[in-house]
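**Q**
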Amino acid sequence: MRLAAENLGGERGGEPIFSGLSFTLARGQALMVTGPNGAGKSTLLRIIAGLLPPAAGSVDLRGADETWPDIGSAAHYLGHLNAMKTALSLEENLSFWRDFLGAPKLMPRKALDEVGLGEIGHLPFAYLSTGQRRRAAIARLLVSYRPIWLLDEPTAGLDRTAEQRFSRLMQEHLEEGGMIVAATHLPLGIKGAQELKMGEAAR
Amino acid sequence: MLALYAREVKLGIRAGSGALTGVLFFLAVVTVIPFGVGPDLNLLARIGPAVLWIGALLASLLALERLFQADREDGTLDLLLMSDHRHMVALTVLVKCLAHWTTGVLPLVAVTPFLGLFMNVPPLGLGAATLTLLVGTPAITFIGAVGAALTVALPRGGVLVSVLVLPLVVPVLIFGVAASRGAMADPDPFLPPFLILSALTLFFAVLGPAAAALALRHID
Amino acid sequence: MRACGNLNELPESLPAFIYVSMSDTAKQTSRLMALANPTRFLEIAGAILPWLSCAALFVLAAGLWLAFAAPEDYQQGITVRIMYIHVPFAWLAMFCYGLMALSALGTLVWRHPLADVSLKAAAPIGAVFTALALATGSIWGKPMWGTWWVWDARLTSVFVLFLMYLGIIALTRALDEPTRAARAAAILTLVGFINIPIIKFSVDWWNTLHQPASVFRFDGPTIHPSLLWPLLISALGFTLLFITLHLMAMRTEIWRRRVGTMRRLSARAAEGQAS
Numbered sequence: 009m010r011l012a013a014e015n016l017g018g019e020r021g022g023e024p025i026f027s028g029l030s031f032t033l034a035r036g037q038a039l040m041v042t043g044p045n046g047a048g049k050s051t052l053l054r055i056i057a058g059l060l061p062p063a064a065g066s067v068d069l070r071g072a073d074e075t076w077p078d079i080g081s082a083a084h085y086l087g088h089l090n091a092m093k094t095a096l097s098l099e100e101n102l103s104f105w106r107d108f109l110g111a112p113k114l115m116p117r118k119a120l121d122e123v124g125l126g127e128i129g130h131l132p133f134a135y136l137s138t139g140q141r142r143r144a145a146i147a148r149l150l151v152s153y154r155p156i157w158l159l160d161e162p163t164a165g166l167d168r169t170a171e172q173r174f175s176r177l178m179q180e181h182l183e184e185g186g187m188i189v190a191a192t193h194l195p196l197g198i199k200g201a202q203e204l205k206m207g208e209a210a211r
Numbered sequence: 003m004l005a006l007y008a009r010e011v012k013l014g015i016r017a018g019s020g021a022l023t024g025v026l027f028f029l030a031v032v033t034v035i036p037f038g039v040g041p042d043l044n045l046l047a048r049i050g051p052a053v054l055w056i057g058a059l060l061a062s063l064l065a066l067e068r069l070f071q072a073d074r075e076d077g078t079l080d081l082l083l084m085s086d087h088r089h090m091v092a093l094t095v096l097v098k099c100l101a102h103w104t105t106g107v108l109p110l111v112a113v114t115p116f117l118g119l120f121m122n123v124p125p126l127g128l129g130a131a132t133l134t135l136l137v138g139t140p141a142i143t144f145i146g147a148v149g150a151a152l153t154v155a156l157p158r159g160g161v162l163v164s165v166l167v168l169p170l171v172v173p174v175l176i177f178g179v180a181a182s183r184g185a186m187a188d189p190d191p192f193l194p195p196f197l198i199l200s201a202l203t204l205f206f207a208v209l210g211p212a213a214a215a216l217a218l219r220h221i222d
Numbered sequence: 017m018r019a020c021g022n023l024n025e026l027p028e029s030l031p032a033f034i035y036v037s038m039s040d041t042a043k044q045t046s047r048l049m050a051l052a053n054p055t056r057f058l059e060i061a062g063a064i065l066p067w068l069s070c071a072a073l074f075v076l077a078a079g080l081w082l083a084f085a086a087p088e089d090y091q092q093g094i095t096v097r098i099m100y101i102h103v104p105f106a107w108l109a110m111f112c113y114g115l116m117a118l119s120a121l122g123t124l125v126w127r128h129p130l131a132d133v134s135l136k137a138a139a140p141i142g143a144v145f146t147a148l149a150l151a152t153g154s155i156w157g158k159p160m161w162g163t164w165w166v167w168d169a170r171l172t173s174v175f176v177l178f179l180m181y182l183g184i185i186a187l188t189r190a191l192d193e194p195t196r197a198a199r200a201a202a203i204l205t206l207v208g209f210i211n212i213p214i215i216k217f218s219v220d221w222w223n224t225l226h227q228p229a230s231v232f233r234f235d236g237p238t239i240h241p242s243l244l245w246p247l248l249i250s251a252l253g254f255t256l257l258f259i260t261l262h263l264m265a266m267r268t269e270i271w272r273r274r275v276g277t278m279r280r281l282s283a284r285a286a287e288g289q290a291s
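Quick note, the sequences are listed as chains A, B and C, same order.
Position one of the first sequence corresponds to residue 9 (my numbering), numbered consecutively onward.
Position one of the second sequence corresponds to residue 3 (my numbering), numbered consecutively onward.
Position one of the third sequence corresponds to residue 17 (my numbering), numbered consecutively onward.
1) Is it true that the region 55 to 72 of chain B meets the region 157 to 177 of chain B, where meeting means three or more beta-carbon pairs spaced less than 8 Å apart?
2) Could you compute how far the alpha carbon of histidine 102(B) sits from the alpha carbon of methionine 116(C)?
3) Can you tell me where the beta strand (DSSP E) with arginine 20(A) in it begins and where it stops?
4) Measure the Cβ-Cβ separation of alanine 191(A) and leucine 53(A) and say whether it is below 8 Å.
5) Do isoleucine 56(A) and leucine 158(A) have their C-beta atoms closer together than 8 Å?
6) List the residues of chain B whose Cβ lies closer than 7 Å to the Cβ of alanine 251(C), in chain order.
7) Quick one, which residues of the region 86 to 116 of chain B are near chain C if we go by CB-CB under 9 Å, in chain order?
8) Helix, strand or coil for tryptophan 157(A), going by three-state DSSP, please let me know.
9) For leucine 81(B), collect the residues of the same chain with a Cβ closer than 8 Å to its Cβ; drop the 5 residues on either side in sequence, then sort them by chain order.
10) Against chain A, which members of the region 193 to 220 of chain C pass a CB distance test of less than 8 Å?
11) List the endpoints of the continuous alpha helix (DSSP H) containing valine 41(A).
12) Find out if the Cβ-Cβ distance for the pair alanine 106(C), alanine 143(C) is shorter than 8 Å.
13) Which value, in whole angstroms, describes the spacing of the CA atoms of leucine 29(A) and isoleucine 198(A)?
14) Please classify methionine 90(B): does DSSP put it in a helix, a strand, or coil?
15) Please list, in chain order, the chain B residues whose beta carbon lies closer than 8 Å to that of alanine 91(A).
16) In whole angstroms, give me the CA-to-CA distance for glycine 149(B) and alanine 214(B).
17) Assuming glycine 24(B) and alanine 61(B) make a contact with CB atoms under 8 Å, what is their CB distance in whole Å?
18) Could you give the distance in angstroms between the alpha-carbon of alanine 92(B) and the alpha-carbon of leucine 209(B)?
19) Does arginine 280(C) get closer than 8 Å to chain A when you measure Cβ to Cβ?
20) Across which residues does DSSP place alanine 34(A) in a beta bridge pair?
21) Identify every residue that forms a DSSP beta bridge with phenylalanine 26(A).
22) In chain order, what residues of the region 186 to 210 of chain B put their CB closer than 7 Å to some CB of chain A?
23) Mind checking valine 275(C): buried by the 16 CB within 10 Å criterion, or exposed?
24) Which bits of chain B does serine 81(A) rub up against, with CB to CB less than 8 Å?
25) Quick one: residues in its chain with C-beta nearer than 8 Å to the C-beta of serine 97(A), no 5 flanking neighbours on either side, listed in chain order?
26) Mind pulling the chain C residues with CB within less than 7 Å of glycine 21(A)?
27) Using a Cβ-Cβ cutoff of less than 8 Å, which residues in the same chain neighbour valine 111(B) once the five nearest sequence positions on both sides are dropped?
28) Would you report the Cα separation of proline 66(C) and threonine 146(C), rounded to the nearest angstrom?
29) Taking the straight line between their C-alpha atoms, what separation do you get for valine 96(C) and proline 87(C)?
30) Helix, strand or coil for arginine 272(C), going by three-state DSSP, please let me know.
31) Rounded to whole angstroms, what's the CA-CA distance from arginine 183(B) to lysine 113(A)? Just pull it up for me.
32) Where glutamate 75(B) and glycine 87(A) are concerned, what is the direct C-alpha to C-alpha distance, given to the nearest angstrom?
33) Evaluate the contact criterion for the region 63 to 76 of chain A versus the region 5 to 14 of chain B: three or more CB pairs, one atom per stretch, below 8 Å.
34) Please report the distance separating the alpha-carbon of glutamate 100(A) from that of leucine 13(B).
35) Roughly how many angstroms lie between the CA atoms of isoleucine 25(A) and glycine 17(A), to the nearest whole one?
36) Below 8 Å between beta carbons: does that hold for alanine 145(A) and methionine 92(A)?
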């Protein structure tokens, strides 16, 4: 399975922000998308996720099969927003996503342990700090399996220990044959990741 | 899908205020009518089912605005759309509508008989109004979902949702009121409008979620 | 591919890679698209419009003259002459909605770049014709029915149609991004279009339930030829007028979008100089 983008162009509000992007990603590989604010990193991730139409070119999943027919179904998308309901507890949130997304992997309790929130799984999401919320959203990546992780500034609001823990999780995901596309302006500490510079250079 | 329904219902109950606001609004609409048309009990009994229907219609439009907006604001909507292959978006919308109806509109139906007493509606009419509301209000939610999906990106789309949806729910209102009136006034039939009302609900259960899913996919 | 016909893009500023990356099928589609190319459309519309507006004026004048030359109705007297403008207005109210539904399909299914312009431009014109149909109907109704408004089935349906027009206009105005507004309006138009028969049916039902005595029925085929011909010519004239207005509104909309694009480009150029 390979994730391939060809001559991809994106627009925001009818205005082209990038064009001519091409990359391929095989299993076990990661792509770091870097660049200044407004370079179109988030737009690129949303286009890959199938949430926005590309303005030009295409991105698709080569060697897609029954289980993962398209990128949308084969990918976890961690955007700026955490996709958690403030009125529900952490565990309720996670077990919903586990049921809804299918392909269950870790139990919510276990996933929370992985991100260091095991003790407070019963708390409503509303009571959590920004960093804890982000970690809870990361735990969502663990409750059901997806070969591709699309991460948009995944470490925003995380402290150093949480960051390190997260790089270990990403490393494990890659070792299991997963793929990661991450937009970031901080180094995520993944070994051997390709880098895609957006912004001035790409223009 | 069941998980989604359970979660939406749970959210609806925990957020709580939605259903209560709806019921209070319904109460307010029904109670201002006698002040407007006068306390003539015969007149009130005659227009009672219609007033109940209009009140329930307006109250159920009230909360529709939030149907997708809350999901959009916390990023849930993105994930729901991405899961299209596993759970068709139209189906997801349908389930969300049903959950919304359960927590937001069913309470309105439940208080209808009590509000009907204020309007001097006879027992048979109370039963008919409640039954027609039970069958007809899902249609309002389904059409409302289209309006809610179309205005999901607007910060204050509430009034716009009502403006868009009201012309489309005219048939539901007509047959709902016709059926509940038919149960009371003898020459008018009950069953034909009631069956048409049920048909409308089923029809909009398909059209509404399909169009709303299309809107969510293309507008955001 | 869509970028070729994108209205927000000035033709000169089309990035070269789009042409480079075109496959054969894409080239074929591009030829089709060239017909629909906004620039081409502006040229053609610009050439047609003077003739079209002249024709519309001429036919309208002829229609109105015939309308006043036509015999008066033995029952309705001179008021029947309102029919010659009322019926065309009502016809265009429906014709315009049909056109919008087609444009909506064009936007959603074929992604035609002119379709959303067509829909957005048609909505206000349709609303005005519908309002005129209601107003002339009302003026006609005053001497006929003795009141300005009756909840006659036909009037009520047209009134609901009017509300739908207003909803579509409100929605296109509320969403600021053109493509987003276009898709939203298209979906709403189609949902409304599917609903029109249901609304018509329900209003008829409602009307017979409440007002068994129908006041006035106007049945087309039984109309006398001396009245029919002026009516048809008048309808043709108003249809030509509608097409003229629609083309003009489409041109205006395309220009409006281009001005928007130019402004954005100049804002970006200014930013480039500053940094």
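For glycine and all other residues, C-beta sits at the position ideal for the given N, C-alpha and C.
Note that this is a predicted model, so its numbers are computed, not measured.
**A** Answer, in terms of the structure:
1) yes
2) Mapped onto the second sequence, residue 102(B) falls at position 100. Mapped onto the third sequence, residue 116(C) falls at position 100. When rounded, the distance between both Cα atoms is 32 Å.
3) Mapped onto the first sequence, residue 20(A) falls at position 12. Where arginine 20(A) is concerned, the enclosing beta strand (DSSP E) stretches over 10 to 20.
4) Mapped onto the first sequence, residue 191(A) falls at position 183. Mapped onto the first sequence, residue 53(A) falls at position 45. Going by C-beta atoms, alanine 191(A) is nearer than 8 Å to leucine 53(A).
5) Within the first sequence, residue 56(A) is the residue found at index 48, counting from 1. Within the first sequence, residue 158(A) is the residue found at index 150, counting from 1. Yes, the pair counts as a contact, with Cβ atoms nearer than the cut-off.
6) Position 235 of the third sequence, counted from the first residue, corresponds to residue 251(C). Near alanine 251(C) there are no residues of chain B at all, since even the closest Cβ is about 26 Å away, more than 7 Å.
7) none
8) Your numbering for residue 157(A) matches position 149 in the first sequence. In the structure shown, tryptophan 157(A) sits in a strand (DSSP, three-state: E or B).
9) As a position in the second sequence, residue 81(B) is number 79, starting the count at 1. Counting only Cβ-Cβ distances below 8 Å, and skipping sequence neighbours, we find nothing.
10) Glu193, Pro194, Thr195
11) For the purposes of this step, residue 41(A) is taken as residue 33 along the first sequence, with counting starting at 1. Premise fails: valine 41(A) lies in the beta strand (DSSP E), 38 to 42, not in any alpha helix (DSSP H).
12) Looking up residue 106(C) in the third sequence gives position 90. Looking up residue 143(C) in the third sequence gives position 127. The answer is no: Cβ separation not under 8 Å.
13) What you label residue 29(A) is simply residue 21 of the first sequence in a count that begins at 1. What you label residue 198(A) is simply residue 190 of the first sequence in a count that begins at 1. Distance between the alpha carbons of leucine 29(A) and isoleucine 198(A) is about 22 Å.
14) On the second sequence, position 88 is the one that residue 90(B) refers to. The answer is coil: DSSP assigns methionine 90(B) none of H, G, I, E or B.
15) As a working note, residue 91(A) is residue 83 in the first sequence. Chain B residues near alanine 91(A): Asp76, Gly77, Thr78, Asp80, Leu81.
16) In the second sequence, counting from the first residue as 1, residue 149(B) sits at position 147. In the second sequence, counting from the first residue as 1, residue 214(B) sits at position 212. When rounded, the distance between both Cα atoms is 8 Å.
17) What you label residue 24(B) is simply residue 22 of the second sequence in a count that begins at 1. What you label residue 61(B) is simply residue 59 of the second sequence in a count that begins at 1. That belief holds up - the Cβ atoms of glycine 24(B) and alanine 61(B) are roughly 5 Å apart, short of 8 Å.
18) Counting from 1 along the second sequence, the entry for residue 92(B) is found at position 90. Counting from 1 along the second sequence, the entry for residue 209(B) is found at position 207. Cα-Cα distance, rounded: 9 Å.
19) Here residue 280(C) is taken as the residue at index 264 of the third sequence, counted from 1. It does; some Cβ of chain A falls within 8 Å.
20) Translated into the one-based positions of the first sequence, residue 34(A) becomes position 26. Paired residues: Arg10(A).
21) The count along the first sequence starts at 1 and reaches residue 26(A) at position 18. DSSP lists Gly18(A) as partners of phenylalanine 26(A).
22) none
23) Position 259 of the third sequence, counting from 1, holds the residue named residue 275(C). Answer is exposed; the Cβ neighbour count stays below 16.
24) As a first step, residue 81(A) is located in the first sequence; it is residue number 73 there, counting from the start. Those within 8 Å of serine 81(A) in chain B are Met84, Ser85, Asp86, His87, Arg88.
25) Indexing the first sequence from 1 puts residue 97(A) at position 89. These residues qualify, in order along the chain: Gly129, His130, Leu131, Pro132, Phe133.
26) Numbered from its first residue, the first sequence carries residue 21(A) at position 13. Here the neighbours are Glu193.
27) The residue labelled residue 111(B) in the question sits at position 109 within the second sequence. Hits under 8 Å: Ala58, Thr132, Leu135, Leu136, Thr139.
28) Taking the first residue of the third sequence as position 1, residue 66(C) is located at position 50. Taking the first residue of the third sequence as position 1, residue 146(C) is located at position 130. Cα to Cα, proline 66(C) sits roughly 26 Å from threonine 146(C).
29) Within the third sequence, residue 96(C) is the residue found at index 80, counting from 1. Within the third sequence, residue 87(C) is the residue found at index 71, counting from 1. The straight-line gap from Cα to Cα measures roughly 10 Å.
30) Taking the first residue of the third sequence as 1, we reach residue 272(C) at position 256. In the structure shown, arginine 272(C) sits in a helix (DSSP, three-state: H, G or I).
31) On the second sequence, residue 183(B) is found 181 positions in, with the first residue counted as 1. On the first sequence, residue 113(A) is found 105 positions in, with the first residue counted as 1. Their backbone Cα atoms lie some 56 Å apart in a straight line.
32) As a working mapping, residue 75(B) is identified with position 73 in the second sequence. As a working mapping, residue 87(A) is identified with position 79 in the first sequence. Answer to the nearest angstrom: the Cα atoms are 12 Å apart.
33) no
34) What you label residue 100(A) is simply residue 92 of the first sequence in a count that begins at 1. What you label residue 13(B) is simply residue 11 of the second sequence in a count that begins at 1. Spanning the two alpha carbons is a distance of roughly 11 Å.
35) Counted from its first residue, the first sequence places residue 25(A) at position 17. Counted from its first residue, the first sequence places residue 17(A) at position 9. Roughly 8 Å separates the two Cα atoms.
36) The residue you call residue 145(A) lines up with position 137 of the first sequence. The residue you call residue 92(A) lines up with position 84 of the first sequence. Against a cut-off of 8 Å, the Cβ pair of methionine 92(A) and alanine 145(A) comes out as a contact.
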